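Protein chains in written order, with full-length UniProt numbering: chain A, 1 to 669; chain B, 1 to 669. C-beta atoms are modelled at their ideal positions from N, C-alpha and C, and glycine is treated no differently. As the structure is a computational prediction, the values presented were derived from the model and not from experiment. Structure record follows, encoded as structure tokens.
2 protein chains.
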Amino acid sequence: MAVTEMPESKCDVLIIGAGPAGLMLAAWMARCGINARIVDKRSTKIFSGQADGLQMRSLEIFDSFGFADRAWKEANHMIEICMWNPGPDGVVRRSDRIPDVPVGLSRFTQIVLHQGRIERFFLDHIKKHSNPPISVERAVLPETLSIDKSLCDDHSSTSYPITVKLRHLTEEEATPAQSNGSEVRDGLFRSNLTDDDTDDLIRKSQGKEGTAEIVRAKYMVGCDGAHSWTRRQLGFQLEGEPTDFIWGVLDVIPITDFPDIRMRCAVHSAESGSLMVIPRENKLVRLYIQLTEIKPDASGRADRSQITPETIIKAAQKIITPYKLTYEYCDWWTAYQIGQRVGTNFDHSTRIFLAGDAVHTHSPKAGQGMNVSMQDAFNLGWKLGLVLKGICQPSILRTYQSERRRVAQDLIDFDHKFSRLFSGKPAKDVLDESGVSMAEFKDAFVKGNLFASGLSVDYGASMLIAKEGDAAEQGDGTDVSSSSKTRVVGKQELAKNIKMGMRFPSYKVLNQSDARPWHFQELLKSDGRFRLILFAGNILSPNQKSCIDAFCDSLSSSSILKPYLYSTIQILTCHSAKRTDVELLRDFPDILHPFDERSGWDYDSVYVDDKSYHEGYGDAYGNYGIDREKGCAVVTRPDQYVGFVGEVGGEGFKEVERYFGGVLVGSGN
Amino acid sequence: MAVTEMPESKCDVLIIGAGPAGLMLAAWMARCGINARIVDKRSTKIFSGQADGLQMRSLEIFDSFGFADRAWKEANHMIEICMWNPGPDGVVRRSDRIPDVPVGLSRFTQIVLHQGRIERFFLDHIKKHSNPPISVERAVLPETLSIDKSLCDDHSSTSYPITVKLRHLTEEEATPAQSNGSEVRDGLFRSNLTDDDTDDLIRKSQGKEGTAEIVRAKYMVGCDGAHSWTRRQLGFQLEGEPTDFIWGVLDVIPITDFPDIRMRCAVHSAESGSLMVIPRENKLVRLYIQLTEIKPDASGRADRSQITPETIIKAAQKIITPYKLTYEYCDWWTAYQIGQRVGTNFDHSTRIFLAGDAVHTHSPKAGQGMNVSMQDAFNLGWKLGLVLKGICQPSILRTYQSERRRVAQDLIDFDHKFSRLFSGKPAKDVLDESGVSMAEFKDAFVKGNLFASGLSVDYGASMLIAKEGDAAEQGDGTDVSSSSKTRVVGKQELAKNIKMGMRFPSYKVLNQSDARPWHFQELLKSDGRFRLILFAGNILSPNQKSCIDAFCDSLSSSSILKPYLYSTIQILTCHSAKRTDVELLRDFPDILHPFDERSGWDYDSVYVDDKSYHEGYGDAYGNYGIDREKGCAVVTRPDQYVGFVGEVGGEGFKEVERYFGGVLVGSGN
């Protein structure tokens, strides 16, 4: 069949892979109203196993889409980590307890929930919000990719630089064979101990007619996993090396007298390797078990035929002795060989992007994989959406690689260190230099917790982050600096704890009109809007009031900002006067709570830092490090990261204009 | 057509009416696995208007079924009440602010959400949990009812004392005509200003053939509203009188400069009547507006033709002047005449029961109607379920009238006082005896808030409530006392704030095995089980430990309790030692955390009163008023009401046995 006879269609964004990264991207496309398609080679979503730790930042992101509550309700909540190490007699005993996540960082804690449920939340969300409708097309495989380089810099609406041939598989072709006939599902087909089957699938399906189509796209995102087909077409590499450490994974309902089986545990045995306990929902426990008796062969890869649930549980029993550990029910199992790798490139001509496992692989034990993957897509999605809608300048797309490749590098460094400490043999005493010091391990664990929370991510200077310093140096080397015309450096000292480059932290504030307490971050929904947050200070002081009035007058007459108000830039106000001394209509300029003929005044944009009746006092100004009299102005990006902090008075407004001038179309360079 | 030709079937419980009371009852039937049917004469559920305040106790109940989170997320949260009264110049001004609900009583506050959504939550829950399946049969009308008195005391499984003829209506017949051709929905067809249409429906449909059926039932519950057909068949009366006060109701998106439009407000004007503001979800506000210019006619009933949205908003404008109040969008409107009435009987031979508006009517302004109605059914449902399953003695069904008729009487007394204060003209000064004192009004409002929360309900002594005093006197006069053989009086002083007769209050405790904080009440799910809550005290003290061991030994060998353990009586333990000093398997008898061959040890039954990492310290022992060394034993009913408080040692266990002996089948009198 000739190519010209194939059905042909166009879309703005083509997403390859419907795992957590692909679905996160599709969620943004839905929220931004983008014409997108998402395809996956598998015929069904997964039902067991796979990554399942949800870190705090991921929950904050889920909450910004409106479904954190579903995850929170169904998940197991991990509260405490117990460390078990050999005592002087060589027998393991509990040596430490620490909170699973640092206290006070977020309104969420770390939870554990099966990946299939998380995908369900995304699918429901995409169905509810997408217009045009987006639904995952399963059993669909990309077969060829070509890029018309001459069109890559053409951002007109008729420019489709990418052409992909998609092939629709039969159900049978798309269902992976599991490694044995057992009823217990295993995940070896996705493990890095198994070859990828994409090429097989392409070959097998090529004989069939009438099942291929041509898609022309403006942008494409490869969320197609560690063996990424997209990455291979682009010729990009993953850099890094595997280690000799091989781990088995069991999802079981354990029968044990080990006292901490419902805690997250790190167990280092004296001679038999290490084990990690991750308690899950529905009485399940995930066990990560080091398989010290299985070594890689000459090719550097372990022989997977030696690995069965029986060999894995036996290894676990040796580690955890003298406690007993068996199971009657196994839900899933797999094995993997630790390796840390980062992609050389995260994008091609800012037209084709890679996200998730396609550009970083590492051990699963820090509960990072799914989270960092989703956060890649969370970083990219709104940028694509706003560029496609003609709102943001295409240059912001360069920040994706700059921001996320740097995060991946940090992750791999962390994982490398963490895995070595975790897989190494414990030191017998302080003189045992070949062993791992348990004090060092604990220290790494505590530090790692902050990293693993996802809340330490700090994006470098760029047109989107108005902070001091060199953009290339703070990122991955990509040039993402503003032009000199729009370069602006915010005044971090005005809000010491609202760090430019980091996510907007959350404290409780009250709605001025109905006194309801909200976590400030709850107001920053993932709807594709930037926020101009006016910390109005003491609105009852005449000086400050005239400062606010002047700021609002400038806003009303700004040719740069006015056209974007509310639809692209939401204005939120938080003042510090006493709630009951202030009235919305009397004390605040209309632009901060606009009037609509049908729905009246807006009552959901002005907040106050005051005591609540039932939920204590957020002390937002105090916690954010903002002066209660003078306040400040903050800009957050659509992904809740802080772009700018400046004055309400003085040059503040001009700087806000300059910030947006470097970002929005038709308003700057 | 002869009766014998009609289809005939049997069910255990027939519920008439699928409003909130009927659905609550159906939810219990679903959770208890009862073969029940629920029919409603209307062809669709409601989409606008109707009662919508959800008080704290209702949310606690929703949480016990697992869907409070859905209501909490969608609803508007009411935080503050503002009182507006005439100043010395006769112009209304804000005179007071008070919290909408008393602080610290519950983990919930009062919220407002459209009744249609609440019905949706119930319908979803019933669908998920019912086996055999229960679904609302709409457009089905009861036509005749007969009771075979000779079978009423026969509790064998083949005894069906009730026969009802049901008629299936056409869609057209079952859809009520609204009062005008406007697109705005009105609720006059449900208002007490309109005649009931049940008889009309019966008459109109009788010509049709083949649409009737005979149902034989063991029990029947009439949740069929103020005009209850069921109540009329039984010949029971509503006692009480209407007042002259007529109120209009508007659900609008208001356009106004009134500063407190997003607060709950009580506005008393000097001469133009009163108005209540209830802010709702989706920018809607419900306005209750006194229509002082519309008077009842000679028959005592107002002429509804005078009442339109235009006349209602005009009345509101007069009250709220000098502020402006208009709207572009009206979602729903209605009008009603205040009247307080209570049913003479809540049951017939403990076989047919009445719940909700069928046995109490009152003004809607205290946000009580839907709540008290649902709570009637919440009280009745588990009793019916457990009697039908042969677990509880049928005599417990007598407590329904005893407990709920007393609540209805208290409600009516409250509403009578509250309505008079609310509809009366404000006193000009302290000498104005005919006017309502605004100080008295505020005082009633504050007291009323506690009543309205639903948390002050205190059921009297009975076989289900082991408290001191006379059962008839503490209820509505019905004899619900235990036999002398099983009569037991608990020791209230051992848990001063876990009051027998009241709902179990909630403080945070930690799961011993994973350190996760839970509100204690969250553990008391509506699954039809009683709970034996062992406040184990200081489990590390040898004396106390042997006390606990003895209690558990008695439990293991109790012929009364052993057969019911876990399936009918769940055991929960909460100790007061330091969490990290205690181990589940080492320190607690197996019976408190039983072993299962497939799922191992039970990790969800033992809790500790200790500090959490992220959610503070519940201080449950302190707040419950329990001695941290000695603890106590508490029994809660399946509806979270406290049945018994006693010692862990001494006569405690014997008393627990005696309590259950008076309740469970085959174990007592």
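Legend entry - Straight-line Cα distance separating Pro594 (chain B) from His544 (chain B): The residue you call residue 544 (chain B) lines up with position 544 of the second sequence. The residue you call residue 594 (chain B) lines up with position 594 of the second sequence. Note on residue identity: the sequence assigns Gln, not His, to residue 544 (chain B). In a straight line, the C-alpha of Gln544 (chain B) is about 21 Å away from that of Pro594 (chain B).
Inset, instruction - My understanding is that Leu59 (chain B) touches Tyr219 (chain B), with C-beta atoms under 8 Å, so please give their C-beta distance in whole angstroms. - result: Counted from its first residue, the second sequence places residue 59 (chain B) at position 59. Counted from its first residue, the second sequence places residue 219 (chain B) at position 219. Going by Cβ atoms, the distance from Leu59 (chain B) to Tyr219 (chain B) rounds to 28 Å, so no, they are not a contact pair.
Inset, instruction - Would you decide whether Glu209 (chain A) is buried or exposed? Buried here means 16 or more other CB atoms lie within 10 Å of its CB. - result: What you label residue 209 (chain A) is simply residue 209 of the first sequence in a count that begins at 1. Since pLDDT at Glu209 (chain A) reaches only 46, below the 50 mark, its modelled position is unreliable, and no value is offered.
Legend entry - Nonlocal neighbours in the same chain, by C-beta distance under 8 Å from Gly625 (chain A), ignoring five residues either side: As a position in the first sequence, residue 625 (chain A) is number 625, starting the count at 1. Counting only Cβ-Cβ distances below 8 Å, and skipping sequence neighbours, we find Ala495, Lys496, Asn497, Ile498.
Legend entry - Alpha-carbon to alpha-carbon, Lys525 (chain B) and Gly668 (chain B): Translated into the one-based positions of the second sequence, residue 668 (chain B) becomes position 668. Translated into the one-based positions of the second sequence, residue 525 (chain B) becomes position 525. Confidence at Gly668 (chain B) is low in this model, with a pLDDT of 42, below 50, so its placement is unreliable and the value that follows should be read with caution. Near 26 Å, if we compare the C-alpha coordinates of Lys525 (chain B) and Gly668 (chain B).
Inset, instruction - Flag Ala75 (chain A) as yes if its beta-carbon sits less than 8 Å from any beta-carbon of chain B, otherwise no. - result: Within the first sequence, numbered from 1, the residue matching residue 75 (chain A) stands at position 75. Ala75 (chain A) does not count as touching chain B.
Inset, instruction - Using a Cβ-Cβ cut-off of less than 7 Å, list which residues of the stretch 596-617 of chain B approach chain C; keep chain order. - result: The structure shown contains no chain C; its protein chains are A and B.
Legend entry - Residues, ordered as in the chain, of the stretch 556-590 of chain A that lie near chain B by beta-carbon distance below 9 Å: Thr580, Glu583, Leu584, Leu585, Arg586
Inset, instruction - Identify whether Leu14 (chain A) lies in helix, strand or coil by the three-state DSSP scheme. - result: For the purposes of this step, residue 14 (chain A) is taken as residue 14 along the first sequence, with counting starting at 1. Three-state DSSP puts Leu14 (chain A) in a strand.
Inset, instruction - Report yes if the C-beta distance between Ala226 (chain B) and Asp357 (chain B) is below 8 Å; otherwise report no. - result: Counted from its first residue, the second sequence places residue 226 (chain B) at position 226. Counted from its first residue, the second sequence places residue 357 (chain B) at position 357. For Ala226 (chain B) and Asp357 (chain B), yes; Cβs fall inside 8 Å.
Legend entry - Candidates A:Pro563, A:Ile38, A:Gln409: closest to Val215 (chain A) by CA position: Mapped onto the first sequence, residue 215 (chain A) falls at position 215. Looking at the Cα atoms, A:Ile38 is the closest of the given residues.
Inset, instruction - Give the secondary structure of Ser274 (chain A) by DSSP, where H, G and I count as helix, E and B as strand, and everything else as coil. - result: Translated into positions along the first sequence, residue 274 (chain A) becomes position 274. Correct three-state label for Ser274 (chain A): strand.
Inset, instruction - Below 7 Å CB to CB, which residues in the same chain sit around Gly528 (chain A) once its five sequence neighbours on both sides are set aside? - result: Reading the first sequence from its first residue, position 528 is the one you call residue 528 (chain A). Around Gly528 (chain A): Arg31, Cys32, Trp382, Gly385, Leu386, Pro638.
Legend entry - Partners in chain B for Ile79 (chain A), counting only beta-carbon separations shorter than 7 Å: Locating residue 79 (chain A) in the first sequence gives position 79, counting from the first residue. Near Ile79 (chain A) (Cβ distances below 7 Å), the residues of chain B are Asp514, Ala515, Arg516, Tyr613.
Inset, instruction - Could you list which residues in chain A have their beta carbon closer than 8 Å to that of Tyr279 (chain B), in chain order? - result: Indexing the second sequence from 1 puts residue 279 (chain B) at position 279. For the sequence presented, residue 279 (chain B) should be read as Pro rather than Tyr. Neighbours of Pro279 (chain B) on chain A, chain order: Asp514.
Inset, instruction - Give the residues of chain B in contact with Val103 (chain A), contact being defined as C-beta atoms less than 7 Å apart. - result: Within the first sequence, numbered from 1, the residue matching residue 103 (chain A) stands at position 103. By Cβ distance, chain B contributes Tyr613, His614.
Legend entry - Classification of Asn449 (chain B) by the beta-carbon crowding that lies within 10 angstroms, buried from 16 upward: Locating residue 449 (chain B) in the second sequence gives position 449, counting from the first residue. Buried: at least 16 other Cβ atoms inside 10 Å.
Legend entry - Residue range of the beta strand (DSSP E) that includes Asp331 (chain A): Against the first sequence, residue 331 (chain A) aligns to sequence position 331. First-last of the beta strand (DSSP E) with Asp331 (chain A): 325-343.
Legend entry - Assigned exposure category for Gln368 (chain A) - 16 Cβ within 10 Å defines buried: Translated into the one-based positions of the first sequence, residue 368 (chain A) becomes position 368. Buried is the call here.
Legend entry - Per-residue DSSP class, three states only, for Asp199 (chain B): Position 199 of the second sequence holds residue 199 (chain B). Residue state, collapsed to three classes: helix.
Inset, instruction - Under 7 Å Cβ to Cβ from Asn35 (chain B), same chain only, skipping five residues before and after it: list those, please. - result: Position 35 of the second sequence, counted from the first residue, corresponds to residue 35 (chain B). Contacts found: Cys11, Asp12, Pro132.
Legend entry - Phe108 (chain B) to Lys611 (chain B) span [Cα, whole Å]: Your numbering for residue 108 (chain B) matches position 108 in the second sequence. Your numbering for residue 611 (chain B) matches position 611 in the second sequence. Taking the straight line from one Cα to the other gives about 22 Å.
Legend entry - Sub-8 Å separation of Gly343 (chain B) and Val359 (chain B) beta-carbons: On the second sequence, residue 343 (chain B) is found 343 positions in, with the first residue counted as 1. On the second sequence, residue 359 (chain B) is found 359 positions in, with the first residue counted as 1. A contact, by the Cβ cut-off of 8 Å.
Legend entry - Rounded C-alpha distance that separates Arg280 (chain B) from Arg117 (chain B): Walking along the second sequence from the start, residue 280 (chain B) turns up at place 280. Walking along the second sequence from the start, residue 117 (chain B) turns up at place 117. Taking the straight line joining both Cα atoms gives about 13 Å.
Legend entry - Length-filtered (3 minimum) beta strand (DSSP E) runs lying within the stretch 17-105 of chain A: 36-40, 80-86, 92-99
Inset, instruction - Give a yes or no on contact between the stretch 482-496 of chain A and the stretch 506-516 of chain A, applying the rule of three or more CB pairs nearer than 8 Å. - result: no
Inset, instruction - Closer than 8 Å by beta-carbon distance: list the chain B residues that pair up with Ile253 (chain A), in chain order. - result: Here residue 253 (chain A) refers to the residue found at position 253 when the first sequence is read from its first residue. Chain B residues near Ile253 (chain A): Arg598, Ser599, Gly600.
Inset, instruction - Could you run through the stretch 263-295 of chain B and flag, in chain order, every residue whose CB is less than 8 Å away from some CB of chain A? - result: Met263, Pro279, Lys283
Inset, instruction - Kindly indicate which residue of B:Asp251, B:Thr158, B:Gln290, B:Ile320 has the alpha-carbon position closest to the one of Asp257 (chain B). - result: Translated into positions along the second sequence, residue 257 (chain B) becomes position 257. Minimum Cα distance to Asp257 (chain B) is reached at B:Ile320.
Legend entry - Closest Cα partner of Pro318 (chain B) within the set B:Leu275, B:Asp347, B:Leu532: Here residue 318 (chain B) corresponds to residue number 318 of the second sequence, with the count starting at 1. A small fix is needed here, since residue 318 (chain B) is Lys in this sequence, not Pro. That would be B:Leu275, whose Cα lies nearest to the Cα of Lys318 (chain B).
Legend entry - Residues from the stretch 99-131 of chain A in contact with chain B, defined by Cβ distance under 7 Å: Pro99, Val103, Thr109
Inset, instruction - Using alpha carbons as the reference points, say which of A:Ala139, A:Trp247, A:Met370, A:Thr44 lies closest to Arg57 (chain A). - result: Within the first sequence, residue 57 (chain A) is the residue found at index 57, counting from 1. Taking only the C-alpha atoms, the option nearest Arg57 (chain A) is A:Met370.
Inset, instruction - Use the C-beta contact count for Ala439 (chain B): other C-beta atoms within 10 angstroms, 16 or more gives buried, fewer gives exposed. - result: Translated into positions along the second sequence, residue 439 (chain B) becomes position 439. Per the 10 Å Cβ criterion, exposed.
Legend entry - Buried or exposed by the 16-neighbour rule on C-beta atoms within 10 Å, applied to Lys578 (chain A): Position 578 of the first sequence, counting from 1, holds the residue named residue 578 (chain A). By the 10 Å Cβ count, Lys578 (chain A) comes out exposed.
Legend entry - Nearest-angstrom Cα separation, counted from Asp581 (chain B) out to Cys223 (chain A): By one-based count along the first sequence, residue 223 (chain A) stands at place 223. By one-based count along the second sequence, residue 581 (chain B) stands at place 581. Straight-line Cα distance between these residues: approximately 47 Å.
Inset, instruction - Would you mind stating whether Phe504 (chain A) and Gln492 (chain A) have Cβ atoms separated by less than 8 Å? - result: The count along the first sequence starts at 1 and reaches residue 504 (chain A) at position 504. The count along the first sequence starts at 1 and reaches residue 492 (chain A) at position 492. Taking 8 Å as the Cβ cut-off, Phe504 (chain A) and Gln492 (chain A) do not qualify as a contacting pair.
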